């Protein structure tokens, strides 16, 4: 089985500071890390490889420094990494990203399975997985929470969708997006850590795609959606009354009143 | 693709077991407001069994409803849905296509957008029509710190929109419109088999009117029994922070926050929750917030209507006692 795992380097969202006056993210305020959901995607790939054998390719699009993230992917079980890096790829929305990734996956072919995290923490769209599948004309299953069975020709999974959970069997080639519930990503093994330092990360720039990608199809030019303006959400006005421990009786009276007002009919009386 | 060729707003209404998801009505209501600025038709598109009452979509604001009738749409099969939606969009050429940002909507919409090779904006919280008649799609970004205003160059302009951002219009039984029944053009595919529905979501926290939530101030799983008791009494649902879900106190279905569910209830009671940005992102739009925490400097107090510095384990039982009287 040949598996391609989509990886994105993202800012550390827990630490990144936000300049609410300028309305911009202070990217220098935090480091970068591998998109947390991508760790689950990678772990899924490693588990499938352990069962049926094969090769895992980590694929990322980003600036040259994203090479570090692909080395981390190798440390965590990928066999090799491909980085799509070119100024022409920059400024891409989900359409241009998916289109470019699809062309890269075709170049890395043959492949049986593409695995992505359910979303990235900086983009938060959850669109790139299904969009990439469509541009590759392969099926997808989104929000996968459990991997039941993997074979060279199909994958049986459970996914959280449509206000329930469904078991689906996808015939390969295909793409899945995985949630955090699917597994606990393991820590890098020592032998893989050593390998990750030495492995060559392939760099593909725009010229690599001279036969299947035009400049109008990628990066900012290939992005039909564009951010026209950034605004700061208005602060929500709150009464902001705080009761000290000595005022618990008053506090209880106040919240009892609110509870009685808001109680939903159907609640026990 | 030129703007002139494309006209009207199409709402793709999700249904399950013949019941239309409420977000579809919210979108029809919003579409009616958008056409005040740029007059054009409002259309509904629903794929579902013949028994589904598409007239509701007219009463909710659609001028025309396309109803593709088949039992096959009782399964969440993105490929079959896509194959049946594409010919209608290509024929009708709506300028705007809106889809609820449910899990299924967020899995289906990207496939449709990519097949049409048009842009798609995810998870919007507001929509406007600009002076040039184009759709402005507004969505929170970077842990909800900013709002990005996005426009789409291609047609149709497509967006998924969060549930509960717009008010649900009252259905008007007098409203007239046309229901156009269509036969499905594709009823099978051989690439993904849907084997069974394993479980149906029992707690739909996103729809709860009242949420009683617990965080790190809870010591163990049984602590949630007290919160559940209050939730039951008020007709609400129990919520939780990521910490206590990760600790195994309660299932992920209850998780509120950036990586869990976003909730917008009438009342949110935060017990032993410090108020990390990740959690606040999922609940800060609640109508009223009550926070109980032993730490007077807990950030949750900055967004609470009423804060109580104290131990939830003392306050909540006393509240229960009062409410039961």
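Residue numbers (our numbering), protein chains in the order written: chain A, 16 to 284; chain B, 742 to 1066.
Note that the Cβ used here is the ideal one computed from N, Cα and C, for glycine as well.
Keep in mind the model is a prediction, meaning the values are calculated, not measured.
What does residue i reach in chain B if we use C-beta pairs closer than 8 Å?
{"i": "residue 68 (chain A)", "result": "In chain order: nothing, as chain B lies at least about 23 Å away."}
{"i": "residue 175 (chain A)", "result": "844"}
{"i": "residue 239 (chain A)", "result": "859, 860, 893, 894, 895"}
Under a three-way DSSP split, which group does residue i fall into?
{"i": "residue 181 (chain A)", "result": "strand"}
{"i": "residue 251 (chain A)", "result": "coil"}
{"i": "residue 762 (chain B)", "result": "coil"}
{"i": "residue 958 (chain B)", "result": "coil"}
{"i": "residue 218 (chain A)", "result": "strand"}
{"i": "residue 122 (chain A)", "result": "helix"}
{"i": "residue 136 (chain A)", "result": "coil"}
{"i": "residue 170 (chain A)", "result": "strand"}
{"i": "residue 75 (chain A)", "result": "strand"}
{"i": "residue 23 (chain A)", "result": "coil"}
{"i": "residue 1004 (chain B)", "result": "coil"}
{"i": "residue 1048 (chain B)", "result": "strand"}
{"i": "residue 916 (chain B)", "result": "coil"}
{"i": "residue 998 (chain B)", "result": "coil"}
{"i": "residue 230 (chain A)", "result": "helix"}
Can you check whether the C-beta of residue i is within less than 8 Å of a C-beta belonging to chain A?
{"i": "residue 1047 (chain B)", "result": "yes"}
{"i": "residue 978 (chain B)", "result": "no"}
{"i": "residue 694 (chain B)", "result": "Outside the shown range of chain B, which is 742 to 1066, sits residue 694 (chain B), and nothing can be said about it."}
{"i": "residue 860 (chain B)", "result": "yes"}
{"i": "residue 1042 (chain B)", "result": "yes"}
{"i": "residue 967 (chain B)", "result": "no"}
{"i": "residue 876 (chain B)", "result": "no"}
{"i": "residue 945 (chain B)", "result": "yes"}
{"i": "residue 1070 (chain B)", "result": "Any question about residue 1070 (chain B) goes unanswered here, given that chain B covers just 742 to 1066."}
Tell me which residues share the same chain as residue i and place their Cβ nearer than 6 Å to its Cβ, disregarding the 5 neighbours each side in the sequence.
{"i": "residue 221 (chain A)", "result": "101, 103"}
{"i": "residue 63 (chain A)", "result": "165"}
{"i": "residue 113 (chain A)", "result": "143, 146, 147, 150"}
{"i": "residue 870 (chain B)", "result": "775, 778, 779"}
{"i": "residue 849 (chain B)", "result": "819, 822"}
{"i": "residue 1006 (chain B)", "result": "949, 950, 951, 952, 1027"}
{"i": "residue 1019 (chain B)", "result": "998, 999"}
{"i": "residue 155 (chain A)", "result": "145, 148, 190"}
Shorter than 8 Å from the beta carbon of residue i to some beta carbon of chain B?
{"i": "residue 233 (chain A)", "result": "no"}
{"i": "residue 217 (chain A)", "result": "no"}
{"i": "residue 115 (chain A)", "result": "no"}
{"i": "residue 108 (chain A)", "result": "yes"}
{"i": "residue 189 (chain A)", "result": "yes"}
{"i": "residue 283 (chain A)", "result": "Here the model assigns residue 283 (chain A) a pLDDT of 48, short of 50, so the residue's position is not dependable and the matter cannot be decided."}
{"i": "residue 141 (chain A)", "result": "yes"}
Looking only at its own chain, which residues have a Cβ that is under 8 Å from the Cβ of residue i, when we skip the five neighbours before and after it?
{"i": "residue 1025 (chain B)", "result": "885, 1044"}
{"i": "residue 181 (chain A)", "result": "173, 174"}
{"i": "residue 227 (chain A)", "result": "118, 121, 122"}
Applying a beta-carbon distance threshold of less than 7 Å, which residues of chain A neighbour residue i?
{"i": "residue 942 (chain B)", "result": "178, 179"}
{"i": "residue 1051 (chain B)", "result": "260, 263"}
Measure the CB-CB distance between residue i and residue j and report whether it falls below 8 Å.
{"i": "residue 258 (chain A)", "j": "residue 1050 (chain B)", "result": "yes"}
{"i": "residue 928 (chain B)", "j": "residue 1057 (chain B)", "result": "no"}
{"i": "residue 940 (chain B)", "j": "residue 899 (chain B)", "result": "no"}
{"i": "residue 806 (chain B)", "j": "residue 785 (chain B)", "result": "yes"}
{"i": "residue 95 (chain A)", "j": "residue 57 (chain A)", "result": "no"}
{"i": "residue 153 (chain A)", "j": "residue 887 (chain B)", "result": "no"}
{"i": "residue 957 (chain B)", "j": "residue 1027 (chain B)", "result": "no"}
{"i": "residue 25 (chain A)", "j": "residue 136 (chain A)", "result": "yes"}
{"i": "residue 804 (chain B)", "j": "residue 918 (chain B)", "result": "yes"}
So, for residue i: in the same chain, excluding its five sequence neighbours on each side, which residues have a beta-carbon less than 7 Å away from its beta-carbon?
{"i": "residue 1022 (chain B)", "result": "884, 885, 998, 999"}
{"i": "residue 828 (chain B)", "result": "926"}
{"i": "residue 59 (chain A)", "result": "130, 162, 193, 197, 198"}
What does residue i reach in chain B if we use C-beta pairs closer than 9 Å?
{"i": "residue 245 (chain A)", "result": "882, 887, 888, 889, 890"}
{"i": "residue 102 (chain A)", "result": "The contacting residues do not exist; residue 102 (chain A) stays about 21 Å from chain B at best."}
What does residue i touch in chain B if you count any residue whose Cβ is under 7 Å from its own?
{"i": "residue 43 (chain A)", "result": "Per Cβ cutoff of 7 Å: no residues; residue 43 (chain A) is ~15 Å from chain B at best."}
Which residues in chain A sit within 8 Å of residue i, going by Cβ to Cβ distance?
{"i": "residue 803 (chain B)", "result": "Simply none; closest approach about 23 Å."}
{"i": "residue 797 (chain B)", "result": "Ordered by position in chain A, no residue passes the 8 Å Cβ test against residue 797 (chain B), which lies about 19 Å from the chain."}
Could you name the residues of chain A that residue i contacts, counting a contact when the two beta carbons are closer than 9 Å?
{"i": "residue 758 (chain B)", "result": "What residue 758 (chain B) touches in chain A: nothing, since even the nearest Cβ is about 10 Å away."}
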